Amino acid sequence: MSKVRAIVLLTLVIGVAFGSAAAKDTPFLQANATADQVALFAPFLSYGQAAGIQTALSVSNVLNAPTGVLPATGLSRNEGSIEIYFYTSDGDAVVVETEDNSIGNGVLDAQGELRPGRTWTALLSQILSEADALPAANEIVAGYAWIICNWDGAQGTVTVFFPDFGFAQSLNLEPTFGSGGALSLGVPVIVP
Amino acid sequence: MMTFILLWSLVSLAFPHESELKETVSAYWNLMAKGEKASALKFVVESCQNDFINRVEPKIQTWRYVSADSVSETEATVTIEMEALFRGAQIASGFQKITKRETWVRDGNSWKLRVTKPSMESLGPLVSGPQKAALPKGLRVTPTVLKIQFLNKSQTGRLRIENGNDLAAQVVSAKFDKTRFELVKWPDRIEPGEVAEIVVRYKGTENDKNLESQLNLVLKEGDQEAKLFQVPVIYNYLSDGARGLFGLTEEQAQKLKRGDKVTPVLKVPPKSPEAGTPPPAEK
Numbered sequence: 449m450s451k452v453r454a455i456v457l458l459t460l461v462i463g464v465a466f467g468s469a470a471a472k473d474t475p476f477l478q479a480n481a482t483a484d485q486v487a488l489f490a491p492f493l494s495y496g497q498a499a500g501i502q503t504a505l506s507v508s509n510v511l512n513a514p515t516g517v518l519p520a521t522g523l524s525r526n527e528g529s530i531e532i533y534f535y536t537s538d539g540d541a542v543v544v545e546t547e548d549n550s551i552g553n554g555v556l557d558a559q560g561e562l563r564p565g566r567t568w569t570a571l572l573s574q575i576l577s578e579a580d581a582l583p584a585a586n587e588i589v590a591g592y593a594w595i596i597c598n599w600d601g602a603q604g605t606v607t608v609f610f611p612d613f614g615f616a617q618s619l620n621l622e623p624t625f626g627s628g629g630a631l632s633l634g635v636p637v638i639v640p
Numbered sequence: 014m015m016t017f018i019l020l021w022s023l024v025s026l027a028f029p030h031e032s033e034l035k036e037t038v039s040a041y042w043n044l045m046a047k048g049e050k051a052s053a054l055k056f057v058v059e060s061c062q063n064d065f066i067n068r069v070e071p072k073i074q075t076w077r078y079v080s081a082d083s084v085s086e087t088e089a090t091v092t093i094e095m096e097a098l099f100r101g102a103q104i105a106s107g108f109q110k111i112t113k114r115e116t117w118v119r120d121g122n123s124w125k126l127r128v129t130k131p132s133m134e135s136l137g138p139l140v141s142g143p144q145k146a147a148l149p150k151g152l153r154v155t156p157t158v159l160k161i162q163f164l165n166k167s168q169t170g171r172l173r174i175e176n177g178n179d180l181a182a183q184v185v186s187a188k189f190d191k192t193r194f195e196l197v198k199w200p201d202r203i204e205p206g207e208v209a210e211i212v213v214r215y216k217g218t219e220n221d222k223n224l225e226s227q228l229n230l231v232l233k234e235g236d237q238e239a240k241l242f243q244v245p246v247i248y249n250y251l252s253d254g255a256r257g258l259f260g261l262t263e264e265q266a267q268k269l270k271r272g273d274k275v276t277p278v279l280k281v282p283p284k285s286p287e288a289g290t291p292p293p294a295e296k
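As they're listed, the protein sequences go chains A and B.
Just so you know, the working numbering puts 537 at position 89 of the first sequence, and the rest follows in order with no gaps.
Just so you know, the working numbering puts 272 at position 259 of the second sequence, and the rest follows in order with no gaps.
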């Protein structure tokens, strides 16, 4: 009987040790706590009505994951709003935060929050329109964006379409998920 | 018996010239599968031939006719299934099985393919999802708090009035601090099932962040009693996310002036030595 107890105790100790080691390897855990927000970087976005250029943005809340992928402890916020900080080529900022379900593909809740497992898609024209920053019909706006996701782990893509040229290019939002190594689910945003 | 046969033939042939359409589609896709695009050109509507020539084609391995749905007597949507290799796709993913729908139109005495050039309009539904569901019953104002972002040049915020009722609604009045705000957009009438926008602009010069005000909207539907909606307004809004992105303490955020340059201060956390290390190779 005492051998059985010892085996059970040893199993528990090994389980706890391995569990904490796995949690430390997860980059979106920082300083023994999560940041509540993560940031993703979109290297290039563009929109021009007359030129026929459009950009589609997708942001996923990847906190619905198979057992074992995410740490068992330390996650503090599993859904939230999305904030876009789009910097145009002349350095102007266009800021939009989802506050209801009016922008994009209708998957946000009434408070503009994205739940785990869901993917929000929106066109750059919708984002610019929300901030009253649409360029004139014959102008083209281009730039990069930071996307703050107000939950613990996010991923996404940005796709720029040039339909008149039959061309589109899709880029992962940075940091990308990675393969074979540690997960990368956004840069933690620590609020001072 | 004769009536049954007649009815059966009417049901099985959903629209005129369907069998002819199937033959034409087959002839077209057999040529496309062999890579004989020039020969397939004769099956394309003349006004679309240039777009057809410029269209990038995949390498087709197999194809299969699935169905034809009549749009009108002279137009049908034809669905085929193909296994093909697409340009830009990962080579390791091999031949992909996809379903393709195309529009065929009656041109004189024959069926011709209408090639649709990609357009901005066609991208909308692709990335913005299906039409949103019907509005919930009643009048609703969203979002619950009107935020006007400090960093935006336009200094505007938007409210949406959703009319899920059967009667048109109207904004009877809007009360707000006129020394600080002005209405840029204002709906006269909100039709049933429609959403109308109110756009409010902050015209002040204050620099303090996350200041509070209120907008009182009185909405009325038909002969019913007017209803008051009190919407809190946060102007010069700078979120915690923005403070985190630019590394601003609350005090620094308060001092931030319009036009000040702010720079992201994000740091990618260091990976632990074990992270990303592949297991040692077996000897």
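Even for Gly, the Cβ is constructed at its ideal location relative to N, Cα and C.
Remember, predicted model here, so these are calculated numbers, not experimental data.
Asked	Found
Given F534 (chain A) as reference, the closest of A:L511, A:T567, A:Q559 and A:S494 once Cα atoms are compared	A:S494
Min CB distance N223 (chain B) to chain A below 8 Å	no
Residues near V278 (chain B) in its chain [Cβ-Cβ closer than 8 Å; skip 5 each side]	L258, F259 and G260
Contacts around E115 (chain B), its chain only, beta-carbon distance under 7 Å, and the 5 residues preceding and following it disregarded	V91 and L126
Sub-8 Å separation of S226 (chain B) and Y248 (chain B) beta-carbons	yes
Collapsed DSSP secondary structure at K255 (chain B) in the structure displayed	Reading off the sequence shown, one finds Ala at residue 255 (chain B), where the question assumed Lys. In this structure, A255 (chain B) counts as helix in the three-state DSSP scheme.
Interface partners of P277 (chain B) on chain A, CB under 7 Å	W594
Supposed contact pair W599 (chain A) and G522 (chain A) - C-beta distance, whole angstroms, cut 8 Å	Not confirmed; about 13 Å, so no contact.
As assigned by DSSP and simplified to three states, the class of K233 (chain B)	strand
Test: G254 (chain B) CB closer than 8 Å to a CB of chain A	yes
W124 (chain B) beta carbon less than 8 Å from that of W76 (chain B)	no
Member of A:A541, A:I588, A:L562 and A:A504 whose CA lies at the smallest distance from the CA of T605 (chain A)	A:A504
Between the CA atoms of N620 (chain A) and A471 (chain A) - distance to the nearest angstrom	Residue placement at A471 (chain A) cannot be trusted, given a pLDDT of 38 that sits under 50; what the coordinates show is reported in the next sentence. Distance between the alpha carbons of A471 (chain A) and N620 (chain A): 25 Å.
Best match in A:F489, A:L571 and A:Q497 for proximity to N586 (chain A) [C-alpha to C-alpha]	A:Q497
Rounded straight-line distance, which links the Cα of N509 (chain A) to that of E210 (chain B)	29 Å
Three or more C-beta pairs below 8 Å linking the stretch 157-167 of chain B and the stretch 195-215 of chain B	yes
Spatial distance of T607 (chain A) from A490 (chain A) (CA atoms)	10 Å
Alpha-carbon to alpha-carbon, I595 (chain A) and D538 (chain A)	19 Å
Close-in-space but distant-in-sequence residues of the same chain around E31 (chain B) (CB under 7 Å, 5 per side omitted)	A81
Simplified DSSP state of K110 (chain B), which is helix, strand or coil	strand
Own chain residues within Cβ distance below 8 Å of L269 (chain B), not counting five before or after	F163, N220, K222, L251, L261 and V275
Whole alpha helix (DSSP H) elements within the stretch 529-584 of chain A, 4-residue minimum	572-578
Pick from B:Q265, B:R171, B:K280 and B:N178 that is closest to K244 (chain B), judged by C-alpha positions	Rather than Lys, the amino acid found at residue 244 (chain B) in this sequence is Val. When each option's Cα is compared against that of V244 (chain B), the closest is B:R171.
Element boundaries [beta strand (DSSP E), containing I247 (chain B)]	K240 to Y250
CB contact flag (I73 (chain B), A46 (chain B), <8 Å)	yes
Buried versus exposed call for Q617 (chain A) [16 or more other C-beta atoms within 10 Å across all chains shown]	exposed
Beta-carbon gap between A602 (chain A) and V542 (chain A) smaller than 8 Å	no
Interface positions of the stretch 161-192 of chain B facing chain A (Cβ-Cβ less than 7 Å), listed along the chain	Q162, L164, N165, K166, S167, T169, R171 and R173
Own chain residues within Cβ distance below 7 Å of Q574 (chain A), not counting five before or after	I551 and G552
Proximity test, Cβ basis, 8 Å: V510 (chain A) and chain B	no
Strand pairing of M95 (chain B), partner residues [DSSP]	B:W76 and B:I111
Through-space distance from N122 (chain B) to V589 (chain A), alpha-carbon basis	48 Å
Candidates B:E234, B:T129, B:L98 and B:L34, of which the one nearest P205 (chain B) by Cα	B:E234
Test: P583 (chain A) CB closer than 8 Å to a CB of chain B	no
Sub-8 Å separation of T546 (chain A) and G560 (chain A) beta-carbons	yes
Below-8 Å beta-carbon distance, T262 (chain B) vs any chain A residue	yes
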